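Everything below concerns the one structure shown next.
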Amino acid sequence: TLGLKVGTEKLCRMIRAFGFVEHTGIDAPGEVAGLMLPPDKWNLGTVANVPIGQGISVTAVQLAAAYGAVANDGVWIQPHVTKMVESPVTRRVVNPQVAAQLRTMLTETVKRGTGNAAALDGYSIAGKTGTAEKALENGMGYAKDKYLASFVGMIPADDPQVVILVAVDEPQNAHLGSEVAAPVFASIADFIVKHLGIPPEEGAGE
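The sequence shown begins at 797 in my numbering and counts up by one.
Below is the structure:
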């Protein structure tokens, strides 16, 4: 519904602004750009399915960088493998108010939605599960039993210090991001907050 309201032009503009279907320029070899139909090939079906994650493929690096923009008050920062870059490439994607609204929505996903297994006592987490059907190799539809389960989030939600993405390719026995990836996120986040010395928040994660 939202995709149809926004329309092809704005959707494509925001997809590219967030760094999807384009190389991020990360300092590692072999990066791919992802896949999406050219805008002039879109139809109503495309406008409807791209916003729910079908009809487009993105990389884990792109997704982590996009969440980094939401965490960073709407400013996208070019990802790097190195620990620190003095003058990273940046661009504003959305204004700080919109980024804050998105973080609030993503926090509710962890509190009351599919991301509940990513919750961590003492910390607010903003994030989202993903359960992607894998496309068939011939490009004709999706496999019935192959998935990519994921959870990507930021911590603490009100003042994010870290973005963590967990992706599990073709998980067995369970395939939902909420079951497979969200608990792994919680384990990693627990280690990270202790390692970086991020103090707990009063009343958070209860």
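Backbone N, C-alpha and C fix where the C-beta goes; we use that ideal spot for every residue, glycine too.
Predicted model, so just to flag it, every value in this text is computed and none were measured.
Within its chain, find whatever has a CB closer than 8 Å to the CB of residue i; leave out the 5 residues flanking it on each side and keep chain order.
| i | result |
| --- | --- |
| ILE994 | TYR919, ILE951, PRO952, GLN957, VAL958, ILE988 |
| LEU831 | VAL817, ILE852, SER853 |
| ASP986 | LEU916 |
| GLU997 | GLY918, TYR919, SER920, PRO952, ASP954 |
| LYS930 | TYR938, ALA939, LYS942, TYR943, LEU944, GLU966 |
| LEU833 | THR842, GLY851 |
Measure the C-alpha to C-alpha separation of residue i and residue j and round it to an integer number of angstroms.
| i | j | result |
| --- | --- | --- |
| ARG908 | LEU972 | 16 Å |
| THR886 | GLY949 | 20 Å |
| ASP869 | PRO979 | 26 Å |
| ALA895 | ALA862 | 11 Å |
| GLY849 | ALA928 | 7 Å |
| GLU975 | ILE822 | 30 Å |
| ASN934 | GLU882 | 44 Å |
| ASP836 | LEU902 | 32 Å |
| VAL828 | LYS801 | 30 Å |
| ILE984 | ARG809 | 33 Å |
| PRO825 | ASN845 | 31 Å |
| GLY841 | MET880 | 42 Å |
| MET936 | ALA867 | 36 Å |
Based on Cα-Cα distance, which residue from the options lies nearest to residue i?
| i | options | result |
| --- | --- | --- |
| VAL843 | ALA896, VAL828, GLY923, THR804 | THR804 |
| VAL1016 | THR900, VAL871, VAL906 | Shown here, the chain extends from 797 to 1002; a query on residue 1016 therefore has no answer. |
| TRP838 | VAL828, PRO825, LYS806, GLY826 | LYS806 |
| VAL877 | GLU997, ARG812, ILE921, ALA860 | ALA860 |
| GLN858 | ILE811, PRO884, THR900 | ILE811 |
State the CB to CB distance for the pair residue i and residue j, rounded to an integer number of angstroms; the pair is presumed to be in contact (CB under 8 Å).
| i | j | result |
| --- | --- | --- |
| PRO847 | LEU798 | 6 Å |
| ALA856 | LEU961 | 6 Å |
| ALA777 | ALA914 | Residue 777 lies beyond the residue range present for the chain, which begins at 797 and ends at 1002; the question has no answer from this structure. |
| THR820 | PRO875 | 5 Å |
| LYS990 | GLU966 | About 31 Å separates the two Cβ atoms, so there is no contact after all. |
Within the same chain, show all residues whose beta-carbon is closer than 7 Å to that of residue i, passing over the 5 residues directly before and after it, in chain order.
| i | result |
| --- | --- |
| THR769 | It is not possible to answer for residue 769, since the shown part of the chain is limited to 797 through 1002. |
| ALA865 | PHE814, VAL871, TRP872, VAL889 |
Between residue i and the rest of its own chain, which residues show a CB-CB distance below 6 Å, the 5 nearest in sequence each way excluded?
| i | result |
| --- | --- |
| LEU932 | ALA939 |
| ALA977 | ALA945, SER946, PHE947, VAL962, VAL964 |
| GLY926 | SER946, GLY973 |
| PRO884 | ILE873, GLN874 |
| ALA970 | VAL976 |
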